[in-house]
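Notes to accompany the following structure.
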Amino acid sequence: LPPLPVSPPPFTPGVRYTQERHDAFPVNPSGFLTPDEERLVHHIIRTHEHAFAHGPLAPPTTAWNESEKGRFRDDYFDPVIIPTIEHVPWVLKNIPVPPGNLEKVIAIIRDKIASGVYEPS
Numbered sequence: 005l006p007p008l009p010v011s012p013p014p015f016t017p018g019v020r021y022t023q024e025r026h027d028a029f030p031v032n033p034s035g036f037l038t039p040d041e042e043r044l045v046h047h048i049i050r051t052h053e054h055a056f057a058h059g060p061l062a063p064p065t066t067a068w069n070e071s072e073k074g075r076f077r078d079d080y081f082d083p084v085i086i087p088t089i090e091h092v093p094w095v096l097k098n099i100p101v102p103p104g105n106l107e108k109v110i111a112i113i114r115d116k117i118a119s120g121v122y123e124p125s
């Protein structure tokens with residue numbers, strides 16, 4: 005990663021981190037950061053805007069959509085592999101999903117599987 009600037013430059017829109025996303029991003033809701041620190045946050049996001057995507061070949065216009073949440077590009081960060089051992093899973097009854105929410109829950113799970121956040125079992 006490149007060194008951080010002492011005095012961050014003013015925001016300039018990028019391909020993915022656009023002016024609209026900049027304006028909609030509440031970087032300092034509590035007022036804790038100084039104006040220079042706010043600019044630094046936006047500078048870091050803008051500088052690394054291509055890290056916030058699924059896969060190295062993702063088109064620039066699809067960054068930060070629902071299918072890419074929870075993922076960093078593999079060429080920026082190595083995937084984390086959590087080792088497990090073979091075991092007998094607990095046998096617990098699933099939490100029932102209200103019938104009125106069933107289609108929404110199924111859509112969310114399918115989106116997470118499609119983006120690689122969840123793995124099918």
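Read left to right, the sequence shown gives residues 5 to 125 (this note's numbering).
Note that beta-carbon positions come from the ideal geometry of N, C-alpha and C, so glycine has one too.
Status (buried if at least 16 other CB within 10 Å, exposed otherwise) for residue i
i, result
"Arg-114", "exposed"
"Leu-44", "buried"
"His-126", "The first residue shown for the chain is 5 and the last is 125, placing residue 126 beyond what the model contains."
"Pro-103", "exposed"
"Pro-83", "exposed"
"Ala-67", "Since pLDDT at Ala-67 reaches only 47, below the 50 mark, its modelled position is unreliable, and the value read off the structure follows with that caveat. Buried, by the Cβ-count rule."
7 Å Cβ shell around residue i - same chain, five flanking residues per side excluded
i, result
"Tyr-1", "Lying before the first or after the last residue shown, residue 1 is absent from the chain, which here runs from 5 to 125."
"Gly-18", "Arg-50, Glu-53"
Own chain, CB closer than 6 Å to residue i, minus 5 neighbours either side, in chain order
i, result
"Val-101", "Val-109"
Cβ shell of residue i (< 8 Å), same chain only, five flanking positions each side left out
i, result
"Glu-123", "Ile-117"
"Pro-13", "Arg-43, His-47"
Legend entry - Entirely enclosed beta strand (DSSP E) segments - the segment 86-118, minimum 3 residues: none
Inset, instruction - Run through the segment 19-57 for me and flag every whole alpha helix (DSSP H) of 4 or more residues, listed as ranges in chain order. - result: Along the length of the segment 19-57, whole alpha helix (DSSP H) runs at least 4 residues long occupy 23-28, 39-51, reported in chain order.
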